[in-house]
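**Q** Below is the structure I would like to discuss, written out as structure tokens.
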Amino acid sequence: MESLNNCRRPWSLIVERGEDASGEGQGEICRCWSPGVSSSSANMALLEQGDNAPPENCHRLVLLGSSKVGKTSIVSRFLYNKFDDSYTPTIEDFHRKIYRIKGEPYRLDILDTSGNHPFPAMRRLSIITGDLFVLVYSIDNRESFEEVVRLCQQIRECKSQCLKGNGSNIPIVLLGNKCDKEKSRTIDQTEAINLVEQNENCRFIETSAKKNINIEESFIRLFEMGNLPVEMSPSLHRKVHPQYVGGSHSSSQRRGMSIRRKMSDACGTIAPNVRRPSIRTDLLVAQMRTKTSKSSLIGESREKCSIQ
Numbered sequence: 026m027e028s029l030n031n032c033r034r035p036w037s038l039i040v041e042r043g044e045d046a047s048g049e050g051q052g053e054i055c056r057c058w059s060p061g062v063s064s065s066s067a068n069m070a071l072l073e074q075g076d077n078a079p080p081e082n083c084h085r086l087v088l089l090g091s092s093k094v095g096k097t098s099i100v101s102r103f104l105y106n107k108f109d110d111s112y113t114p115t116i117e118d119f120h121r122k123i124y125r126i127k128g129e130p131y132r133l134d135i136l137d138t139s140g141n142h143p144f145p146a147m148r149r150l151s152i153i154t155g156d157l158f159v160l161v162y163s164i165d166n167r168e169s170f171e172e173v174v175r176l177c178q179q180i181r182e183c184k185s186q187c188l189k190g191n192g193s194n195i196p197i198v199l200l201g202n203k204c205d206k207e208k209s210r211t212i213d214q215t216e217a218i219n220l221v222e223q224n225e226n227c228r229f230i231e232t233s234a235k236k237n238i239n240i241e242e243s244f245i246r247l248f249e250m251g252n253l254p255v256e257m258s259p260s261l262h263r264k265v266h267p268q269y270v271g272g273s274h275s276s277s278q279r280r281g282m283s284i285r286r287k288m289s290d291a292c293g294t295i296a297p298n299v300r301r302p303s304i305r306t307d308l309l310v311a312q313m314r315t316k317t318s319k320s321s322l323i324g325e326s327r328e329k330c331s332i333q
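As structure tokens, then:
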């Protein structure tokens with residue numbers, strides 16, 4: 026493989042040599058990769074690219090709320106477009122989705138937390154390491170709404186301590202789930218609207234995981250607030266196998282594409298059998314992102330960022 030590094034173009038041109046389509050003689054294949062993607066990374070499986078994604082392209086989304094409000098169902102709709110009517114209490118579920126968008130790898134970790142929060146320190150750690158938040162309540166449950174009011178305050182306070190006063194910029198989407206149960210409604214929309222108006226970078230939308238109402242719209246809104254590519258939304262990228270490397274389009278289809286389309290073609294996959302990073306790793310990630318000292322994260326300086 027020969028790389029034309031001296032070509033001053035907005036892409037890297039790679040020439041591969043090998044047998045032509047007829048199997049006779051040698052042929053050449055030219056490929057264009059978007060900026061920032063070397064030939065080696067372009068040949069990686071999508072999962073490998075996700076593991077090597079730059080820190081600024083790695084984000085953690087945390088779902089918080091009372092039990093039985095539909096957090097897990099919302100995640101299931103987002104990742105698999107499925108809904109399970111049975112209820113199984115969640116201790117903590119961790120998911121990872123890998124994307125390639127405009128030639129760059131992105132990693133989105135999704136943390137589905139317990140509604141019973143048996144370990145307050147773990148909940149605080151989830152908040153410290155989160156980049157985007159989805160707070161869920163059920164429109165037919167007053168206590169669940171009161172819980173998201175407390176959670177919103179806790180996120181702002183925790184992030185303000187860890188980010189030196191910049192906690193108000195953390196993207197939060199407030200979801201009033203189960204909007205299909207209108208006859209059982211106990212929370213008026215005006216209450217939720219008043220809550221988000223009191224908090225910067227906070228939006229409200231009513232959803233139904235069961236009926237698939239506004240689920241994707243809520244994530245698009247969250248990605249926009251967090252300055253993430255909207256192509257992370259399920260309908261805006263192709264679903265591919267975790268070991269996917271190249272384009273799945275036929276030669277005739279690719280010839281009909283513009284170079285811009287080839288470079289911006291977004292794809293994504295769900296990482297199989299992924300486990301949540303260890304507490305130590307989470308603390309190191311939090312330290313790197315907030316640029317605070319290690320002592321402030323492990324409790325030696327409890328005034329800045331304590332998880333207790």
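Going by the numbering used here, the sequence shown opens with residue 26, and the numbers climb by one from there.
All residues carry an ideal CB built from backbone N, CA and C; glycine is no exception.
1. Considering only the beta carbon of each residue, do R132 and C177 sit closer than 9 Å?
2. Which of the three DSSP states, helix, strand or coil, is assigned to V270?
3. If you reduce the DSSP assignment to three classes, tell me which class L136 lands in.
4. Return helix, strand or coil for P130, following the three-state DSSP convention.
5. Would you give the residue range spanned by the alpha helix (DSSP H) that V173 belongs to?
6. Touch check for the stretch 256 to 263 and the stretch 223 to 234: three-plus C-beta pairs under 8 Å?
7. Under 6 Å Cβ to Cβ from N239, same chain only, skipping five residues before and after it: list those, please.
8. Assuming V159 contacts L247 (C-beta within less than 8 Å), just tell me the rounded distance between them.
9. Across which residues does DSSP place T294 in a beta bridge pair?
10. Can you name the residues that DSSP bridges to E231?
11. Give the secondary structure of Y162 by DSSP, where H, G and I count as helix, E and B as strand, and everything else as coil.
12. I need the DSSP call for V94, collapsed to helix, strand or coil.
13. Can you tell me whether DSSP reads D76 as helix, strand or coil?
14. In the DSSP assignment, find the alpha helix (DSSP H) that holds A217 and state where it starts and stops.
15. On the CB-based measure, 16 or more other CB atoms within 10 Å of its CB, does V270 come out buried or exposed?
16. Taking 8 Å as the limit between beta carbons, can you name the residues of its chain near R121, skipping five residues before and five after?
17. Which value, in whole angstroms, describes the spacing of the CA atoms of E216 and G201?
18. Which class does V87 belong to by DSSP, given the choice of helix, strand or coil?
19. CB-CB under 7 Å to E81, same chain, minus the five flanking residues each way: which ones, in chain order?
20. Going straight from the alpha carbon of N237 to that of S303, what length do you get?
21. So the candidates are M147, I245 and T154; which of them puts its Cα closest to the Cα of Q312?
22. I need the DSSP call for R263, collapsed to helix, strand or coil.
23. With a threshold of 6 Å on Cβ separation, who are the neighbours of I212 within its own chain once the five nearest residues in sequence on each side are excluded?
24. Determine the burial state of E225: buried for a count of at least 16 other Cβ atoms within 10 Å of its Cβ, exposed for fewer.
25. Could you tell me the alpha carbon to alpha carbon distance between E117 and S139, rounded to whole angstroms?
26. The alpha helix (DSSP H) with L253 in it runs from where to where?
27. Determine the DSSP secondary structure at I153, reduced to helix, strand or coil.
28. S337 to K93, Cα distance in whole Å?
29. Mind checking Q186: buried by the 16 CB within 10 Å criterion, or exposed?
30. I need the straight-line Cα distance from P254 to R125, nearest angstrom please.
31. Helix, strand or coil for D118? Go by DSSP, reduced to three states.
**A** Walking through what the data contain:
1. no
2. The answer is coil: DSSP assigns V270 none of H, G, I, E or B.
3. strand
4. strand
5. Run containing V173: R167 to C187, per the alpha helix (DSSP H) assignment.
6. no
7. I230 and T232
8. Cβ-Cβ separation between V159 and L247: approximately 7 Å, consistent with a contact (criterion under 8 Å).
9. I123
10. G201
11. Correct three-state label for Y162: strand.
12. coil
13. Helix at D76.
14. Q214 to E222
15. The residue in question, V270, is exposed, as its Cβ has fewer than 16 Cβ neighbours within 10 Å.
16. G75, R132, L133, D134, I135, I295, A296 and V299
17. E216 and G201: Cα-Cα distance of roughly 11 Å.
18. strand
19. none
20. 33 Å
21. T154
22. Per DSSP, reduced to three states, the secondary structure at R263 is strand.
23. I164 and F170
24. exposed
25. Cα to Cα, E117 sits roughly 6 Å from S139.
26. No alpha helix (DSSP H) contains L253, which DSSP labels as neither H nor E.
27. helix
28. Past the boundaries of the shown model lies residue 337; the chain is included only from 26 to 333, so the question cannot be answered.
29. By the 10 Å Cβ count, Q186 comes out buried.
30. 10 Å
31. strand
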